[in-house]
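As structure tokens, the structure follows; a few thoughts come after it.
In my numbering, the protein residues as written are 400 to 635.
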């Protein structure tokens with residue numbers, strides 16, 4: 400991948416932090432947060448069908464992310480077809496693949512984990528008991544697909560902009576990371592306000608998107624000659 404310092408900063412430290420936070424949420428933090436949101440909304444999911452959360456954030460967020468992805472795909476195709484900059488060519492291809500991989504992996508995990516949304520649970524006015532991630536799901540319960548958070552992946556997949564910037568314009572990496580984090584947080588919080596997800600669902604999505612983006616970055620970097628990295632450093 401890179402030096403041990405890069406690996407520590409981009410793999411081990413985020414992994415340790417996410418693991419600690421995830422453990423705290425799974426041991427009651429999820430319910431503690433959701434209980435307070437539920438109470439603030441009057442002991443029901445007041446914002447479940449609100450225009451701001453359903454149309455603006457849910458539908459609008461998906462549309463915006465899909466449109467941005469399509470734009471990146473077009474730019475990538477143009478660069479590979481007509482461009483002469485090998486560095487930008489690989490960086491754009493990386494970004495397209497990272498976004499697709501992040502959102503696709505989250506969708507796959509949702510179909511395998513079979514966890515309920517908060518609004519389905521007895522605790523929050525639903526009809527089902529809570530079944531933890533590592534617990535066996537009773538056969539009598541309907542199929543569920545709420546973990547990790549799919550909607551948030553439309554935002555968190557863009558944390559790959561951090562690594563795209565490292566491949567193309569390293570000085571822009573923090574701006575790229577901010578875009579991905581802010582988009583994911585906004586879409587994730589909107590869904591939590593609707594009762595669609597717990598906080599841990601969003602954290603899992605961020606973790607999946609970050610780790611896949613990091614792994615794909617290591618692969619993309621290995622495809623570029625060493626002299627290209629000196630050029631990128633000079634542009635930074």
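Just so it is clear, CB atoms sit at the ideal spot from N, CA and C, and this is done for glycine as well.
Range covered by the alpha helix (DSSP H) that runs through residue i
{"i": "residue 598", "result": "598-621"}
{"i": "residue 420", "result": "412-423"}
{"i": "residue 590", "result": "572-593"}
{"i": "residue 438", "result": "429-439"}
{"i": "residue 466", "result": "459-481"}
{"i": "residue 406", "result": "403-406"}
Cα-Cα separation between residue i and residue j, rounded to whole angstroms
{"i": "residue 613", "j": "residue 499", "result": "14 Å"}
{"i": "residue 635", "j": "residue 494", "result": "Summary for residue 635: the model assigns pLDDT 40, below 50, so the residue's position carries little reliability; its value from the coordinates is reported in the next sentence. Between residue 635 and residue 494, the C-alpha separation is close to 19 Å."}
{"i": "residue 522", "j": "residue 435", "result": "12 Å"}
{"i": "residue 421", "j": "residue 483", "result": "44 Å"}
{"i": "residue 513", "j": "residue 621", "result": "37 Å"}
{"i": "residue 418", "j": "residue 548", "result": "17 Å"}
{"i": "residue 511", "j": "residue 453", "result": "25 Å"}
{"i": "residue 408", "j": "residue 565", "result": "14 Å"}
{"i": "residue 488", "j": "residue 478", "result": "6 Å"}
{"i": "residue 469", "j": "residue 476", "result": "11 Å"}
{"i": "residue 609", "j": "residue 616", "result": "10 Å"}
{"i": "residue 414", "j": "residue 517", "result": "26 Å"}
{"i": "residue 465", "j": "residue 412", "result": "31 Å"}
{"i": "residue 586", "j": "residue 519", "result": "20 Å"}
{"i": "residue 524", "j": "residue 592", "result": "15 Å"}
{"i": "residue 529", "j": "residue 431", "result": "14 Å"}
{"i": "residue 443", "j": "residue 406", "result": "44 Å"}
{"i": "residue 448", "j": "residue 486", "result": "45 Å"}
{"i": "residue 570", "j": "residue 526", "result": "51 Å"}
{"i": "residue 589", "j": "residue 455", "result": "10 Å"}
{"i": "residue 428", "j": "residue 563", "result": "34 Å"}
{"i": "residue 507", "j": "residue 558", "result": "19 Å"}
{"i": "residue 433", "j": "residue 426", "result": "13 Å"}
{"i": "residue 537", "j": "residue 573", "result": "45 Å"}
Local Cβ density within 10 Å of residue i, reported as buried at 16 or more and exposed below that
{"i": "residue 596", "result": "buried"}
{"i": "residue 649", "result": "Past the edges of the chain, shown from 400 to 635, lies residue 649, and the structure says nothing about it."}
{"i": "residue 633", "result": "Reliability fails at residue 633, whose pLDDT of 42 lies under 50, so the model's placement of it is uncertain and the value that follows must be treated cautiously. Its Cβ having fewer than 16 others within 10 Å, residue 633 is exposed."}
{"i": "residue 619", "result": "buried"}
{"i": "residue 424", "result": "buried"}
{"i": "residue 502", "result": "buried"}
{"i": "residue 534", "result": "exposed"}
{"i": "residue 542", "result": "exposed"}
{"i": "residue 602", "result": "buried"}
{"i": "residue 404", "result": "exposed"}
{"i": "residue 441", "result": "exposed"}
{"i": "residue 450", "result": "exposed"}
{"i": "residue 460", "result": "buried"}
{"i": "residue 607", "result": "buried"}
{"i": "residue 579", "result": "buried"}
{"i": "residue 462", "result": "exposed"}
{"i": "residue 531", "result": "exposed"}
{"i": "residue 631", "result": "Only weak support exists for where residue 631 lies, its pLDDT of 48 falling under 50; the value from the coordinates is given anyway. Buried."}
8 Å Cβ cutoff, residue i in contact with chain B
{"i": "residue 495", "result": "The structure shown contains no chain B; it is built from a single protein chain."}
Can you give, in chain order, each stretch of the alpha helix (DSSP H) that sits fully within the region 487-568 and has at least 4 residues? 549-555, 559-567
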